[in-house]
Amino acid sequence: MRLSTMTERITFYSISSGIDPKTHRQIANKEQDEFSCWCEVSKLTVRETVKAPSEMGFRKETPVFLIAYKQQKEIQPEWRIKWRGKRYEITGVDPDYQNKDLTKVTGQVINR
Numbered sequence: 336m337r338l339s340t341m342t343e344r345i346t347f348y349s350i351s352s353g354i355d356p357k358t359h360r361q362i363a364n365k366e367q368d369e370f371s372c373w374c375e376v377s378k379l380t381v382r383e384t385v386k387a388p389s390e391m392g393f394r395k396e397t398p399v400f401l402i403a404y405k406q407q408k409e410i411q412p413e414w415r416i417k418w419r420g421k422r423y424e425i426t427g428v429d430p431d432y433q434n435k436d437l438t439k440v441t442g443q444v445i446n447r
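Heads up, the sequence shown is in the working numbering, so the first residue is 336 and it goes up one at a time.
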């Protein structure tokens, strides 16, 4: 595991319904933080840059987060990610079952 390259902090959160404690009314989309962890955001390889330079903007919208395999909770596919003020929907979770080293989480920016 490359701990020195895990320099970004991300927060996994879920969307749920709840009750506002002040007004006692139903809240439809309440964000519930699940946990935060350090990650590495993988960058484009030289091969990807030369192969498809037109997709660079697309890659900014779909980052790949590399996190430690063992986390506080198991990542659920319906959760979302907060990173650098943006929200991302999880589009894929790829744990490394063989080495139990890293988990690759791909995301798609949520346009509000």
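Just so it is clear, CB atoms sit at the ideal spot from N, CA and C, and this is done for glycine as well.
In the DSSP assignment, find the beta strand (DSSP E) that holds residue i and state where it starts and stops.
i, result
"Y348", "343 to 354"
"S377", "It is not in any beta strand (DSSP E) - S377 carries neither H nor E in the DSSP assignment."
"Y423", "421 to 430"
"W414", "Segment: none, W414 is in no beta strand (DSSP E) and carries neither H nor E."
"Q443", "437 to 444"
Have a look at the options and flag the residue whose alpha-carbon is nearest the alpha-carbon of residue i.
i, options, result
"F347", "D436, I362, F400", "F400"
"E396", "S371, I362, I425", "I425"
"Q367", "I354, W373, H359", "I354"
"I445", "D429, I345, T342, R415", "R415"
Does residue i come out as helix, strand or coil in the three-state DSSP assignment?
i, result
"C339", "Sequence inspection shows Ser at residue 339; the Cys mentioned does not correspond to that position. Reduced to three states, the DSSP call for S339 is helix."
"E396", "helix"
"Q407", "coil"
"T358", "coil"
Just list the residues that DSSP pairs residue i with in beta bridges.
i, result
"E366", "I350"
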